[in-house]
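These notes are about the structure you will find just below.
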Amino acid sequence: MPELDAIDRKILSYLQNDSRMTMQELADKVGLSVSPCHRRVKLLEQRGVISRYIATVDQKALGLHVSVFISIKLARQKEEDLNRFARAISKWDEVLECYLMTGNRDYLLRVVAADLASYETFLKTKLTRLDGIASIESSFALSQVKYSIALPV
1 MPELDAIDRK ILSYLQNDSR MTMQELADKV GLSVSPCHRR VKLLEQRGVI
51 SRYIATVDQK ALGLHVSVFI SIKLARQKEE DLNRFARAIS KWDEVLECYL
101 MTGNRDYLLR VVAADLASYE TFLKTKLTRL DGIASIESSF ALSQVKYSIA
151 LPV
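Residue 153, in UniProt numbering, is where the sequence shown stops; the numbers in between run on with no holes.
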(Lines of atoms letter the chains of each structure in order from A and count residues from 1; the text may use other names and numbers.)
(Lines give C-alpha, C1' and ligand atoms only; values in the text may rest on other atoms or scores of the structure.)
Protein backbone atom coordinates (compact mmCIF):
# COMPACT_ATOMS: atom_id res chain seq x y z
CA MET A 1 0.00 0.00 0.00
CA PRO A 2 1.44 3.41 -0.92
CA GLU A 3 2.34 5.69 1.96
CA LEU A 4 -0.11 8.32 3.09
CA ASP A 5 1.03 11.88 2.50
CA ALA A 6 0.27 14.88 4.71
CA ILE A 7 -2.93 15.73 2.83
CA ASP A 8 -4.24 12.15 3.10
CA ARG A 9 -3.55 12.29 6.83
CA LYS A 10 -5.41 15.59 7.15
CA ILE A 11 -8.36 14.13 5.25
CA LEU A 12 -8.44 11.13 7.57
CA SER A 13 -8.16 13.30 10.66
CA TYR A 14 -11.06 15.53 9.63
CA LEU A 15 -13.26 12.62 8.50
CA GLN A 16 -12.65 10.72 11.75
CA ASN A 17 -13.89 13.76 13.62
CA ASP A 18 -16.88 14.47 11.36
CA SER A 19 -17.64 12.16 8.45
CA ARG A 20 -20.76 14.14 7.58
CA MET A 21 -18.91 17.24 6.45
CA THR A 22 -19.43 18.11 2.82
CA MET A 23 -16.69 17.53 0.29
CA GLN A 24 -16.46 21.33 -0.09
CA GLU A 25 -15.87 21.76 3.66
CA LEU A 26 -13.28 18.98 3.67
CA ALA A 27 -11.51 20.39 0.61
CA ASP A 28 -11.36 23.84 2.22
CA LYS A 29 -9.88 22.41 5.43
CA VAL A 30 -7.14 20.42 3.67
CA GLY A 31 -6.30 23.09 1.09
CA LEU A 32 -7.55 21.39 -2.09
CA SER A 33 -10.31 22.03 -4.58
CA VAL A 34 -13.31 19.71 -4.44
CA SER A 35 -12.40 17.39 -7.33
CA PRO A 36 -8.90 16.40 -6.15
CA CYS A 37 -10.16 16.08 -2.57
CA HIS A 38 -12.99 13.79 -3.73
CA ARG A 39 -10.53 11.70 -5.76
CA ARG A 40 -8.30 11.28 -2.70
CA VAL A 41 -11.24 10.23 -0.50
CA LYS A 42 -12.37 7.70 -3.13
CA LEU A 43 -8.83 6.34 -3.38
CA LEU A 44 -8.61 6.01 0.43
CA GLU A 45 -11.91 4.09 0.32
CA GLN A 46 -10.76 1.84 -2.54
CA ARG A 47 -7.48 1.06 -0.77
CA GLY A 48 -9.39 0.10 2.38
CA VAL A 49 -7.90 2.89 4.50
CA ILE A 50 -11.43 4.22 4.99
CA SER A 51 -13.45 1.09 5.68
CA ARG A 52 -16.87 2.61 6.45
CA TYR A 53 -18.75 5.62 7.73
CA ILE A 54 -20.67 5.29 10.99
CA ALA A 55 -22.69 7.23 13.52
CA THR A 56 -21.35 7.06 17.06
CA VAL A 57 -24.24 6.55 19.46
CA ASP A 58 -24.11 7.36 23.17
CA GLN A 59 -24.59 4.05 25.01
CA LYS A 60 -26.22 5.67 28.06
CA ALA A 61 -28.73 7.47 25.83
CA LEU A 62 -29.86 3.99 24.78
CA GLY A 63 -30.18 2.89 28.41
CA LEU A 64 -27.01 0.78 28.36
CA HIS A 65 -25.51 2.01 31.62
CA VAL A 66 -23.23 -0.93 32.41
CA SER A 67 -19.88 -1.59 30.70
CA VAL A 68 -18.14 -4.83 31.55
CA PHE A 69 -14.71 -6.07 30.55
CA ILE A 70 -14.63 -9.85 30.61
CA SER A 71 -11.49 -11.98 30.64
CA ILE A 72 -12.04 -15.47 29.29
CA LYS A 73 -9.77 -18.45 29.74
CA LEU A 74 -10.54 -21.45 27.54
CA ALA A 75 -9.96 -25.01 28.65
CA ARG A 76 -7.94 -25.63 25.48
CA GLN A 77 -6.33 -23.26 23.02
CA LYS A 78 -6.64 -25.43 19.94
CA GLU A 79 -7.60 -23.66 16.72
CA GLU A 80 -11.02 -25.31 16.57
CA ASP A 81 -11.79 -24.17 20.15
CA LEU A 82 -10.68 -20.62 19.41
CA ASN A 83 -12.74 -20.53 16.22
CA ARG A 84 -15.83 -21.95 17.94
CA PHE A 85 -15.64 -19.30 20.65
CA ALA A 86 -15.12 -16.50 18.11
CA ARG A 87 -18.09 -17.64 16.00
CA ALA A 88 -20.38 -17.80 19.02
CA ILE A 89 -19.62 -14.40 20.49
CA SER A 90 -19.62 -12.66 17.09
CA LYS A 91 -23.40 -13.21 17.01
CA TRP A 92 -24.09 -11.42 20.31
CA ASP A 93 -25.00 -7.74 20.10
CA GLU A 94 -23.97 -7.14 23.73
CA VAL A 95 -20.34 -7.84 22.82
CA LEU A 96 -18.93 -4.66 21.29
CA GLU A 97 -15.31 -5.77 21.13
CA CYS A 98 -13.44 -9.04 21.44
CA TYR A 99 -9.69 -9.57 21.35
CA LEU A 100 -7.64 -12.75 21.29
CA MET A 101 -4.96 -12.04 23.88
CA THR A 102 -1.53 -13.13 24.96
CA GLY A 103 -0.86 -13.74 28.64
CA ASN A 104 -2.90 -15.62 31.20
CA ARG A 105 -6.29 -15.04 29.51
CA ASP A 106 -7.34 -16.04 26.02
CA TYR A 107 -9.95 -13.37 25.26
CA LEU A 108 -10.89 -9.91 26.44
CA LEU A 109 -14.43 -8.76 25.72
CA ARG A 110 -16.18 -5.43 26.14
CA VAL A 111 -19.85 -5.95 26.85
CA VAL A 112 -22.66 -3.45 27.46
CA ALA A 113 -25.89 -4.02 29.35
CA ALA A 114 -28.76 -1.95 30.69
CA ASP A 115 -28.15 -2.97 34.31
CA LEU A 116 -26.70 -5.74 36.48
CA ALA A 117 -29.75 -7.96 35.95
CA SER A 118 -29.34 -7.69 32.18
CA TYR A 119 -25.67 -8.56 32.48
CA GLU A 120 -26.52 -11.53 34.68
CA THR A 121 -28.97 -12.73 32.02
CA PHE A 122 -26.29 -12.38 29.33
CA LEU A 123 -23.83 -14.29 31.50
CA LYS A 124 -26.24 -17.11 32.37
CA THR A 125 -28.02 -17.54 29.03
CA LYS A 126 -25.13 -17.02 26.65
CA LEU A 127 -21.59 -16.89 27.95
CA THR A 128 -21.68 -19.68 30.52
CA ARG A 129 -23.44 -21.99 28.06
CA LEU A 130 -20.46 -22.07 25.71
CA ASP A 131 -18.46 -25.28 25.82
CA GLY A 132 -14.77 -25.09 26.58
CA ILE A 133 -14.63 -22.09 28.90
CA ALA A 134 -12.39 -22.69 31.90
CA SER A 135 -12.95 -19.34 33.64
CA ILE A 136 -14.76 -16.02 33.32
CA GLU A 137 -13.64 -12.88 35.15
CA SER A 138 -15.80 -9.75 34.95
CA SER A 139 -14.58 -6.23 35.69
CA PHE A 140 -17.15 -3.44 35.80
CA ALA A 141 -16.22 0.01 34.53
CA LEU A 142 -17.04 2.71 37.08
CA SER A 143 -16.61 5.60 34.66
CA GLN A 144 -15.23 6.23 31.22
CA VAL A 145 -12.12 8.39 31.34
CA LYS A 146 -11.45 8.44 27.60
CA TYR A 147 -13.16 7.01 24.55
CA SER A 148 -12.11 7.51 20.96
CA ILE A 149 -12.48 5.65 17.73
CA ALA A 150 -10.18 8.10 15.92
CA LEU A 151 -6.81 6.60 15.10
CA PRO A 152 -3.72 8.82 15.34
CA VAL A 153 -2.86 9.86 11.78
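Think of the CB as a built atom: it goes at the ideal place given N, C-alpha and C, for glycine as much as any other residue.
Cα-Cα separation between residue i and residue j, rounded to whole angstroms
{"i": "Tyr14", "j": "Asp8", "result": "10 Å"}
{"i": "Glu79", "j": "Lys10", "result": "40 Å"}
{"i": "Leu64", "j": "Leu123", "result": "16 Å"}
{"i": "Glu25", "j": "Cys37", "result": "10 Å"}
{"i": "Ala134", "j": "Asp93", "result": "23 Å"}
{"i": "Asp18", "j": "Lys60", "result": "21 Å"}
{"i": "Lys146", "j": "Thr56", "result": "15 Å"}
{"i": "Lys6", "j": "Gln77", "result": "Checking the displayed sequence, the identity of residue 6 turns out to be Ala instead of Lys. Their backbone Cα atoms lie some 43 Å apart in a straight line."}
Inter-residue CB distance, residue i and residue j (contact presumed, cutoff 8 Å)
{"i": "Met23", "j": "Val34", "result": "5 Å"}
{"i": "Val111", "j": "Leu96", "result": "7 Å"}
{"i": "Ile70", "j": "Glu120", "result": "Ile70 to Glu120, Cβ: 13 Å. No contact."}
{"i": "Leu109", "j": "Leu82", "result": "Not quite, the Cβ-Cβ distance comes to about 14 Å (not below 8 Å), so this is no contact."}
{"i": "Val66", "j": "Leu116", "result": "7 Å"}
{"i": "Gly132", "j": "Phe85", "result": "7 Å"}
Three-state class that DSSP yields for residue i in the structure shown
{"i": "Tyr14", "result": "helix"}
{"i": "Tyr119", "result": "helix"}
{"i": "Lys73", "result": "strand"}
{"i": "Leu26", "result": "helix"}
{"i": "Ala150", "result": "coil"}
Residue i, buried or exposed, once every other Cβ within 10 Å from all chains shown has been counted against 16
{"i": "Leu142", "result": "exposed"}
{"i": "Arg40", "result": "buried"}
{"i": "Glu3", "result": "exposed"}
{"i": "Ser51", "result": "exposed"}
{"i": "Ile149", "result": "exposed"}
{"i": "Ile54", "result": "exposed"}
{"i": "Leu62", "result": "exposed"}
{"i": "Ala113", "result": "buried"}
{"i": "Leu151", "result": "exposed"}
Distance cut-off 7 Å: residue i Cβ against heavy atoms of the ligand SAH
{"i": "Tyr14", "result": "By its list of ligands, the structure shown contains no ligand whatsoever, and the ligand SAH lies outside what it can speak to."}
Open item on the list: Taking contact to mean 3 or more Cβ pairs, one atom from each stretch, closer than 8 Å, check whether the stretch 38-56 and the stretch 102-120 are in contact.
Closed with: no
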